[in-house]
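Counting from 1, one number per residue, gives the positions in the sequence shown under the UniProt record's numbering. Positions of the beta carbon are idealized from the N, C-alpha and C atoms, including for glycine.
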Amino acid sequence: MTARIMIVDDAAFMRMMIKDILSKNGFEVVAEAADGAQAVEKYKELKPDLVTMDITMPEMDGIAALKEIKKVDPSAKVLMCSAMGQQAMVIDAIQAGAKDFIVKPFQADRVLEAINKSLG
1 MTARIMIVDD AAFMRMMIKD ILSKNGFEVV AEAADGAQAV EKYKELKPDL VTMDITMPEM
61 DGIAALKEIK KVDPSAKVLM CSAMGQQAMV IDAIQAGAKD FIVKPFQADR VLEAINKSLG
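1. Could you spell out where the alpha helix (DSSP H) holding residue 89 opens and where it closes?
2. Look up residue 23 in the DSSP assignment and say whether it is helix, strand or coil.
3. Taking the C-alpha atoms as reference points, what is the distance between residue 13 and residue 105?
4. Give me the Cβ distance between residue 69 and residue 93, rounded to the nearest whole Å; I'm assuming they're in contact under 8 Å.
5. Less than 8 Å between the C-beta atoms of residue 79 and residue 21, yes or no?
6. What is the DSSP secondary structure of residue 1, counted as helix, strand or coil?
7. Give me the Cα-Cα distance between residue 83 and residue 1, rounded to the nearest whole angstrom.
8. Please state the DSSP three-state secondary structure of residue 53.
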């Protein structure tokens, strides 16, 4: 079965890059969101197998969105993505329930490794 993935990033080109990596490797991108609030709504509606979540976004940041999604679905699988390799943010994300952390700019193999590991 193909994993259904939602991509959340306020930068359209980042969403496009991730979507490109996923599509080429047989994953189905079921939704995209430009901020955390949209991500939470779309998660409730679509229940994707995995979410890639940017941290720094308008409206609601990725860590707040992660916490909301975890309230809705405690078993949600969320991968955090950020250009900021700040230890505190990585720790916050993991404590909030993120499965893994990918640093921008992405290496396709690192993205796929994190996704495959998270999907178990």
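Let me lay it out:
1. Counted as a single uninterrupted DSSP element, the alpha helix (DSSP H) harbouring residue 89 occupies residues 87–95.
2. Residue 23 falls in the helix class under three-state DSSP.
3. Our two residues, residue 13 and residue 105, have alpha carbons roughly 12 Å apart in a direct line.
4. Their Cβ separation, rounded to whole angstroms, is 12 Å, which puts residue 69 and residue 93 out of contact at 8 Å.
5. For residue 79 and residue 21, no; Cβs fall outside 8 Å.
6. Coil, per DSSP.
7. Cα-Cα distance, rounded: 31 Å.
8. Reduced to three states, the DSSP call for residue 53 is strand.
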